[in-house]
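Numbered by mature numbering (1 follows the signal peptide of the UniProt record, and there is no 0), the letters in the sequence shown go through residues -16 to -1, 1 to 920 in order. Here the structure is laid out as structure tokens; the discussion comes afterwards.
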Amino acid sequence: MIRAFVFLTLIISCIAEKENRFDCLPELNPEQIRNDSRSECIKRKCIWTEEPPPTSPRCYYNQTDKFGFIYQTFNTDGYKTKVTLKQTEPVNGTFPYPAPFKYPSVLFEKQSINRLRVKIYDDKTSRYEVPITVPSLTQFPEDQSNYDFQFVKSQNDLFTFKIYGLRKGKNVTLWDTNAGSMMLSDQFLQVSAKLPSEYLYGIGETSRPSFKRDFTSWTKIPLFSRDHVPYDRPNLNLYGTHPFYMILEEDGQAHGVLLLNSNAMDITTQPGPSITYRTIGGILDFYFFLGPTPEDVVQQYTEFVGRPVFPAYWALGFQLCRYGYDSLDEVKRTVDRMSKYDIPQDVQYGDIDYMERQLDFTYNKKTYDGLPQYIKDIKEKGIKYITILDPAISAEEPKGTYETYDLGSELGIWIKDESGKAPLIGKVWPDKPNIFVNKTWPWDDQTKAFRANATFPDWFHQDISKWWNVLIKKFHKTIEFDGLWIDMNEPANFVIGSVEGCSKNNLDYPPYKPNTLGALLAEKTLCMSALHADKQTEYNYHSLFGWKQSIVTLDALTETTNKRGIVISRSTFPSSGRYAGHWLGDNLSAWPQMKESIIGMLDFSLFGISYIGADICGFNDNTTRSLCLRWTQLGAFYPMSRNHNGLGYMAQDPAAFDAEFAKIAREILHVRYELLPFLYTLMYKAHVDGSTVVRPMFHVFPYDRNTWSVDSQFFWGSSLLITPILEENSVKVNAYFPNEARWFDYFTFEEMSSGPQSLHIPIDKIGLHIKGGSIIPMQGAANNTKFSRRKPMKLLVVYDKSFKAEGGLFWDDGESLNSVTEKKFLYLKFSANRDTLNISVANKYKNDDNLHFEQITLVGLQRSIKYVYVNETLHQSFTSKTIKNSEIWLISNVNLKIDRDYNIKWTSNIKSSSCCFKINIYCMITVIVALFAIMY
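Next comes the structure, spelled out in structure tokens:
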């Protein structure tokens, strides 16, 4: 027995030792062994193993002889505590990362009750920091912060620190850097930390099969903006960079962590659970957001980076796009067949095929002859137009013929090569002038022969708006677009670095290259040594390209249209949500990609980008009827609902298949349009409060551990639960309904049982359920929002277990720029109990649309009604129906103007206090007659 116990102890100890291995040779992927790997590992005073467990490091730190820093001094003023450090021994000769920090320091800054900054930097050397304006310290009682920190003050031990969450009744260790060695050098910064839980979400933009991050292996997550398809394999760096995560602690409370750094990096999750950051520039600038609920974390994060943009109402309608409309006639045929089947459409897009040789601010006068007038025509029908703009600008047009290039050259707004004297030249979409493009040639041959030399705008240039705004305003006089779509802004480049390549330098060939896609950082983008106007390098600014373009583009759009439209950007960074929405890139027409679109939505909701969606039915490859039908149903619940596909593939708009497909698509899109007032209100709340629009289930039920791994269902707000079919030829899906709430089918109002279930979802439906306690404003559907906004409104009241419900409605004209800041909107609050529904105007504004609530539906009330009163006046029009022993009450023809307060009451008996005086004139006459008889 003792032997067995000792043996078991040794096994557990061995497993624990393996799980706590921190990679000492991060250049080496687990499956690789170079001839010099072992000797390099020993040189670093680390441990080498020939037969590691799967995916674990072959070379790892010796836990008793790690490198790092020792404490020197500290000083504090209560809010700020600065610690100076000393490296344990010189890195040179031991590690291959030159130029260690000369004055390594750590600053702990209490910025608010729920936000702590930990800045790891070189105190006396100026280093690059991300140029994003964020709020700094706010005054608050220092002893009321919901966190604390502790650090080693001994000069005999390695410096480490811990971050604590001060939770009710206990302190939770959120970060403990007593893990892998901390390293600080010019182009290699590393820190590791032990985490309180493996329920970690976020870190993007990457594609993967589950929302929860994997801690079963040593998974490197590279972050560096890159033009690459999201279906190649999991955990590749994609279009955007978001070094932000949220963790659910073991009791369901939550916190978030941001590393504000824009250099190329990789973040490793591993057993423990632990995390390691490695970045190749800047500083380690961490921000901790203490929650304690998941929604609190996102609200605190968006308070820091900026609240999500508020889109125009029409931008929530259904949208059509494709790369491959060969002519304006094909666009017309597509829009006409949508109209023929009465399928809603609010937006038509123009991709690069409408342009003359893919040149920005042009249109093809042959294949798209009549485009300006056609846009005016469809706008009369309520369909808006969004046009694409790519950043790469042709440098090969004859002088004086292309203002886009000529003006940019005059202002000097191009990114320069490493000499700083000439624009960096690459190749992207624009074709050379006066040339026949043979599309049968191999791609690289086409690029070399047919693509024009191109320059790239420097969005950080002081005169960039003078260039961009002028061009957008002029183009709008020809093409009356309502929104802008900025693509290829990682920035993408079809050659490596430039047409001349990149020189051998420490930026393009750094001592450590993170686990990013490609052999070089410059692959499919610009040389890292390229220079911006403020002398910063592409090495630092690369992942900020799309973020900065979004800022400049939104300013230009609003100046041009003087209305609230929408900008959508492919490349994003923390705070991009303030300026733009995002779609999930060039996805594949495949069932797994449909599932991963939900994960992508949840990621970007966490990142503070509320206006998010994926290309419905997929961008690359031909879709199938069954896939596209189920994806259309799911896409009806993307905040940004756009069907988009690629060049050379079959048409996949909802009217392209058959009458049955069109009917099903129309019906589910009508559901979306009915719910647009609710979705618009969620967008408003995201804009002002930072709350999420699309939510994972654990945001609504954080203390139900069954929800922590659910990523095939999602919420709109906290009221609507969407459960799509994600497998081919299936009408059944496993779903989960938390016991804490009551649940009702949206289509039938049937009350559902809670817990795990197998749902039957026929081909013409999607799983859609209402959580009890919700009051949802609705409106009649129409062909687009121009007409649906005029329809009568309804209220759906769904009761919780305590027979209460609440909700709200934001309403404005749908497109004014300053309706929120100038309070030019109507906001209603709804609250209901078993006897009453109250409608109160929280922000009063004129009801220009003369809208009314015409119907109120009560679900889950479980009581009989004989009389209904609206502001004490008897109302006669109400009916009920029974669904599986549950009565649904329908109060119709109420005709309540939406800009007034109302009190709606119902009883089982006639109200004695108002019988004779408030019901009708006949009762009054009866009383008078009776009194007269008594007196005489």
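Even for Gly, the Cβ is constructed at its ideal location relative to N, Cα and C.
Simplified DSSP state of residue i, which is helix, strand or coil
{"i": "Met512", "result": "coil"}
{"i": "Val67", "result": "strand"}
{"i": "Tyr920", "result": "Its pLDDT being 45, under 50, Tyr920 is placed unreliably by the model, and the measurement read from it follows with that caveat. If DSSP states are grouped into helix, strand and coil, Tyr920 belongs with coil."}
{"i": "Tyr183", "result": "coil"}
{"i": "Tyr332", "result": "First, the residue type needs correcting, since residue 332 is Gln and not Tyr in the sequence shown. DSSP places Gln332 in strand when its eight states are reduced to three."}
{"i": "Gln430", "result": "helix"}
{"i": "Pro661", "result": "helix"}
{"i": "Gln741", "result": "strand"}
{"i": "Tyr229", "result": "strand"}
{"i": "Asn690", "result": "helix"}
{"i": "Tyr759", "result": "The question names Tyr, yet the displayed sequence has Ile at residue 759. In the structure shown, Ile759 sits in a strand (DSSP, three-state: E or B)."}
{"i": "Cys899", "result": "The predicted model places Cys899 with a pLDDT of 38, which falls under 50 and marks its position as unreliable; any figure quoted below should be read in that light. DSSP places Cys899 in helix when its eight states are reduced to three."}
{"i": "Ser876", "result": "strand"}
{"i": "Trp615", "result": "helix"}
Same chain only: Cβ atoms within 7 angstroms of residue i, ignoring 5 sequence neighbours per side
{"i": "Leu222", "result": "Glu189, Thr190, Ser191, Arg210, His212, Pro214, Gly569"}
{"i": "Phe345", "result": "Thr388, Leu455, Phe459"}
{"i": "Pro708", "result": "Arg614, Gln617, Leu618, Ile750, Gly751"}
{"i": "Leu408", "result": "Ile399, Lys400, Asp401, Phe440, Ser482, Leu510, Cys511, Ala514"}
{"i": "Gln95", "result": "Arg101, Ser120, Leu121, Thr122"}
{"i": "Pro82", "result": "Asn76, Ser169, Asp170, Pro495"}
{"i": "Lys146", "result": "Phe133, Gln134, Thr157, Trp159, Asp160"}
Close beta carbons around residue i, own chain, < 8 angstroms, minus the five adjacent residues each side
{"i": "Ala238", "result": "Met230, Ile231, Leu232, Gly275, Pro276, Thr277, Pro278, Asp280, Val281, Pro686"}
{"i": "Ala620", "result": "Phe302, Ile652, Leu653, Val655, Arg656, Ile750"}
{"i": "Val99", "result": "Looking at the sequence itself, residue 99 is Arg, so the reference to Val does not match. Closer than 8 angstroms at Cβ, skipping near neighbours: Tyr271, Phe272, Phe273, Leu274, Gln284, Phe288."}
{"i": "Gly256", "result": "Glu3, Asn4, Ala163, Lys178, Leu179, Phe199"}
Beta-carbon gap between residue i and residue j smaller than 9 angstroms
{"i": "Trp387", "j": "Pro119", "result": "It is worth fixing the name first, because residue 387 is Glu in this sequence and not Trp. Not in contact: Glu387 and Pro119 (Cβ atoms no closer than 9 angstroms)."}
{"i": "Ala649", "j": "Tyr325", "result": "yes"}
{"i": "Pro36", "j": "Arg28", "result": "no"}
{"i": "Gln254", "j": "Thr203", "result": "yes"}
{"i": "Lys416", "j": "Arg435", "result": "yes"}
{"i": "Ile582", "j": "Phe682", "result": "no"}
{"i": "Val102", "j": "Phe302", "result": "no"}
{"i": "Trp567", "j": "Gly530", "result": "no"}
{"i": "Ser527", "j": "Leu207", "result": "yes"}
{"i": "Pro227", "j": "Tyr261", "result": "yes"}
{"i": "Asn767", "j": "Gln329", "result": "yes"}
{"i": "Ile867", "j": "Val878", "result": "no"}
{"i": "Leu779", "j": "Gly791", "result": "yes"}
{"i": "Thr263", "j": "Leu242", "result": "no"}
{"i": "Arg306", "j": "Gln763", "result": "no"}
{"i": "Lys66", "j": "Asn59", "result": "yes"}
{"i": "Phe143", "j": "Ile54", "result": "yes"}
{"i": "Val315", "j": "Gln342", "result": "no"}
{"i": "Pro558", "j": "Phe588", "result": "no"}
{"i": "Ile463", "j": "Tyr297", "result": "no"}
Nearest to residue i (by Cα), restricted to the options the options
{"i": "Arg291", "options": "Gln636, Ala826, Arg562", "result": "Arg562"}
{"i": "Cys511", "options": "Tyr307, Leu491, Asn13", "result": "Leu491"}
{"i": "Gly265", "options": "Tyr657, Thr521, Leu812", "result": "Thr521"}
{"i": "Asp106", "options": "Thr253, Gln123, Leu663, Asp269", "result": "Asp269"}
{"i": "Met339", "options": "Tyr668, Ile372, Ile362", "result": "Ile372"}
{"i": "Asn162", "options": "Val319, Ala177, Asn155, Lys423", "result": "Ala177"}
{"i": "residue 921", "options": "Leu150, Thr200, Val175, Thr68", "result": "Because the chain spans -16 through 920 in this model, residue 921 falls outside it and cannot be assessed."}
{"i": "Ile840", "options": "Asn546, Thr863, Asn831, Asp7", "result": "Thr863"}
{"i": "Ser703", "options": "Asp599, Asp605, Pro722", "result": "Pro722"}
{"i": "Val677", "options": "Leu710, Met624, Glu871", "result": "Met624"}
{"i": "Arg884", "options": "Asn834, Val852, Glu871", "result": "Asn834"}
{"i": "residue 921", "options": "Gln741, His753, Pro740, His744", "result": "The first residue shown for the chain is -16 and the last is 920, placing residue 921 beyond what the model contains."}
{"i": "Glu394", "options": "Ser403, Gly404, Lys383", "result": "Lys383"}
Spatial neighbours of residue i in its chain, beta-carbon cut-off 6 angstroms, leaving aside the 5 residues before and after
{"i": "Ser892", "result": "Ser848, Lys850"}
{"i": "Leu586", "result": "Phe195, Pro680"}
{"i": "Ala725", "result": "Lys755, Gly756"}
Quiz item: Of all the alpha helix (DSSP H) runs that stay within the bounds of the stretch 248 to 315, which reach a length of 4 or more residues?
Solution: 278 to 289
Exercise. Please list the segments of the alpha helix (DSSP H) lying wholly inside the stretch 373 to 420, counting only runs of 4 or more residues, in order along the chain.
Key: 387 to 395
Hey, which unbroken runs of the alpha helix (DSSP H) at 4 residues or more fall wholly within the stretch 521 to 597?
522 to 525, 529 to 545, 575 to 590
Can you check the stretch 765 to 831 for any alpha helix (DSSP H) of at least 4 residues that lies completely inside it and give the ranges in chain order? 769 to 772
- Which full runs of the beta strand (DSSP E) of 3+ residues lie inside the stretch 64 to 135, going along the chain? 64 to 71, 88 to 96, 99 to 106, 131 to 135
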